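Q: In terms of the working numbering, the sequence shown is residues 7 to 426.
Note that the Cβ used here is the ideal one computed from N, Cα and C, for glycine as well.
Everything numeric in this text was worked out from a predicted model, so none of it was measured.
I'd like to ask you about the structure that follows.
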Amino acid sequence: MQKQLLIAGGGIGGLAGALAAARAGWQVRLYERAAAFSEVGAGVQLGPNVVRILHGWGLAQALQAVAALPQRIQVRCALSGRELAVLPLGAAMQQRYGAPYVTIHRADLHGLLHAAAIAHPDIALHLGQRLERFSDDGGAVTATVTASGATTVTGGGSAGKPIEGDALLGADGLWSRTRAQLLGDLPPRVSGHLAYRALVPPEALADLPGLAGRDYVNQVTLWLGPRLHAVHYPVRRSELHNLVVLVEGPAPQNLESWDHAANAADLAAALHGSCSALQHVVHGVAAAGCGWRLWPLCDRPPLRGPHEMARGLVALLGDAAHPMRPYLAQGAGMAIEDAAELERALAMDALEVPLRLRRYALNRWQRAARVQERAVRNGQIFHARGPVRWARDAALRLLGAQLLDQPWLYGGGVGALRGA
7 MQKQLLIAGG
17 GIGGLAGALA
27 AARAGWQVRL
37 YERAAAFSEV
47 GAGVQLGPNV
57 VRILHGWGLA
67 QALQAVAALP
77 QRIQVRCALS
87 GRELAVLPLG
97 AAMQQRYGAP
107 YVTIHRADLH
117 GLLHAAAIAH
127 PDIALHLGQR
137 LERFSDDGGA
147 VTATVTASGA
157 TTVTGGGSAG
167 KPIEGDALLG
177 ADGLWSRTRA
187 QLLGDLPPRV
197 SGHLAYRALV
207 PPEALADLPG
217 LAGRDYVNQV
227 TLWLGPRLHA
237 VHYPVRRSEL
247 HNLVVLVEGP
257 APQNLESWDH
267 AANAADLAAA
277 LHGSCSALQH
287 VVHGVAAAGC
297 GWRLWPLCDR
307 PPLRGPHEMA
317 RGLVALLGDA
327 AHPMRPYLAQ
337 GAGMAIEDAA
347 ELERALAMDA
357 LEVPLRLRRY
367 ALNRWQRAAR
377 VQERAVRNGQ
387 IFHARGPVRW
397 ARDAALRLLG
407 AQLLDQPWLY
417 GGGVGALRGA
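Here it is, written out as structure tokens:
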């Protein structure tokens, strides 16, 4: 008889977890509190470590149809505009790590995972239904689901009734209720960093002062400045460009109800003193008739052990397990890596379910913790001031691609390359 997995949350991590569990031979019932599947935010960078997994799930064609393939990462000084370092992507990344480096709109990544989940006969998706609380008696998980305009995409409705499964996966994000009950810990910590995000047509970034015309928009560009940095790259087959400016500053008081309406004047003040090219990029948002959206960034300390990812018949995935700062561009990627490892663990039919989830956590927590740690460190390096900034820039000019490449990251994870 097929085992059944309950999943709280229908974001990128929840849908990836659903696909992984179904591939392992489990039946899946996923509960998403929103009345319709959608994904907020803008762009996502996916390294070869993640793209290899999506290809292995048979999603290569779907990914190619919506993603962009930048040809390089270029790092520039936000004050002078000078180039500091370049990392070739494209064919070089494919040859070295067995998959390309892609950039994609979050909604497009969510959409291709959603389409794959709908097509799978063992996945039932329930919208407008929140998984509130659960109990684990060692033999099964029983959860309470509440409705809010419930819609069932596939499978029978169950809102308002206790539901039972062989295991529960908490993929309900940064403010995870599953985590709060499982671990009983405090809310996420406020990082003191803010992310201003915008989507613009590539024309808004063309002909930048002192830079190389339209080829400039077919790359990931990183601007490093004191207490801030900016990054922009193509998404949606290069039809749009994702622009993010990250600055250090206080967060709004009520983080959970923040409406993301950004104050462009605050951003302009934060960028005072930056070079004309970066100013041109930021001004291009208003010139294109686009608006800024503001996200206060929160995270948690790096994982301390497997007990923070799985206990008994309950496991956590993605931001519910290890929310991280965006300075290694691996938030969505680590959720997908989690799902791939979960697939391997759930398929271990010789083991009892708690041992399978324990194996999942044992195989994931150290790598996820390392990414969390490196993301914090990268933020400190990106935003450095004074002598530290000078030393950083000198090292980038001298070593370039050697510093930007991440063999432990891009060649590691589930399905790691030999020697990585």
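1. For residue 227, collect the residues of the same chain with a Cβ closer than 6 Å to its Cβ; drop the 5 residues on either side in sequence, then sort them by chain order.
2. Under the rule that 16 or more other beta-carbon atoms within 10 Å means buried, what is residue 156, buried or exposed?
3. Return the bridge partner residues of residue 170 from the DSSP annotation.
4. List the endpoints of the continuous alpha helix (DSSP H) containing residue 396.
5. Between the region 300-311 and the region 10-19, do three or more beta carbon pairs fall short of 8 Å?
6. What's the gap between the Cα of residue 270 and the Cα of residue 185?
7. I'd like the span of the alpha helix (DSSP H) that includes residue 345, first residue to last.
8. Using a beta-carbon distance below 8 Å, is residue 278 in contact with chain D?
9. According to the neighbour-count rule (16 or more other Cβ atoms, all chains shown, within 10 Å of its Cβ), is residue 278 buried or exposed?
10. Does the beta-carbon distance from residue 108 to residue 52 come in below 8 Å?
11. Using the C-alpha atoms, what's the distance from residue 54 back to residue 318?
12. Quick check: what's the CA-CA separation for residue 211 versus residue 404?
13. Go ahead and label residue 182 buried or exposed: buried means 16 or more other beta carbons lie within 10 angstroms of its beta carbon, across all protein chains shown.
14. Taking contact to mean at least 3 C-beta pairs separated by less than 8 Å, is the region 60-68 in contact with the region 360-379?
15. Pop quiz: residue 324 and residue 341 are said to be a contact at Cβ under 8 Å. What is the actual Cβ separation, rounded to whole angstroms?
16. Please state if the CB of residue 170 and the CB of residue 146 are separated by a distance shorter than 8 Å.
17. Would you kindly work out how many angstroms separate the C-alpha atoms of residue 35 and residue 9, rounded to a whole number?
18. Please give me, in chain order, every unbroken run of the alpha helix (DSSP H) with length at least 4 that falls completely inside the region 79-108.
19. When you compare the region 188-201 with the region 250-257, are there three or more beta-carbon pairs, one atom per stretch, that lie closer than 8 Å?
20. Is the CB-CB distance between residue 39 and residue 136 below 8 Å?
21. Who are the near neighbours of residue 100 in its chain, counting only those whose CB is closer than 6 Å to its CB and skipping five residues on each side?
A: Straight from the coordinates:
1. If you number the sequence shown from 1, residue 227 lands on position 221. Correct list, in chain order: 80 and 238.
2. Position 150 of the sequence shown holds residue 156. For residue 156, the predicted model reports a pLDDT of 47, less than 50, meaning its position is unreliable; a value from the coordinates is still stated below. With 16 or more other Cβ atoms within 10 Å, it is buried.
3. Here the question's residue 170 lines up with position 164 in the sequence shown. Looking at the DSSP assignment, residue 170 forms a beta bridge with 148.
4. In the sequence shown, the residue the question calls residue 396 occupies position 390. Its alpha helix (DSSP H) spans residues 392-405.
5. no
6. Start at 1 with the first residue of the sequence shown, and residue 270 comes out as number 264. Start at 1 with the first residue of the sequence shown, and residue 185 comes out as number 179. Roughly 35 Å separates the two Cα atoms.
7. By one-based count along the sequence shown, residue 345 stands at place 339. Unbroken alpha helix (DSSP H) run through residue 345: 337-352.
8. Here chain D cannot be found, since the structure has a single protein chain.
9. Translated into the one-based positions of the sequence shown, residue 278 becomes position 272. Exposed, because fewer than 16 other Cβ atoms sit within 10 Å of the Cβ of residue 278.
10. Walking along the sequence shown from the start, residue 108 turns up at place 102. Walking along the sequence shown from the start, residue 52 turns up at place 46. Contact flag set, yes.
11. Here the question's residue 318 lines up with position 312 in the sequence shown. Here the question's residue 54 lines up with position 48 in the sequence shown. Roughly 32 Å between the two C-alpha positions.
12. Numbered from its first residue, the sequence shown carries residue 211 at position 205. Numbered from its first residue, the sequence shown carries residue 404 at position 398. Cα to Cα, residue 211 sits roughly 28 Å from residue 404.
13. Against the sequence shown, residue 182 aligns to sequence position 176. With 16 or more other Cβ atoms within 10 Å, it is buried.
14. no
15. For this step, residue 324 is matched to residue 318 along the sequence shown. For this step, residue 341 is matched to residue 335 along the sequence shown. 3 Å between Cβ atoms; contact.
16. Indexing the sequence shown from 1 puts residue 146 at position 140. Indexing the sequence shown from 1 puts residue 170 at position 164. Taking 8 Å as the cut-off, the beta carbon of residue 146 is found closer than this to the beta carbon of residue 170.
17. The count along the sequence shown starts at 1 and reaches residue 35 at position 29. The count along the sequence shown starts at 1 and reaches residue 9 at position 3. Straight-line Cα distance between these residues: approximately 11 Å.
18. 96-103
19. yes
20. Residue 39 sits at position 33 when you count from the first residue of the sequence shown. Residue 136 sits at position 130 when you count from the first residue of the sequence shown. For residue 39 and residue 136, yes; Cβs fall inside 8 Å.
21. Taking the sequence shown and counting its residues from 1, one reaches residue 100 at position 94. Here the set comprises 106.
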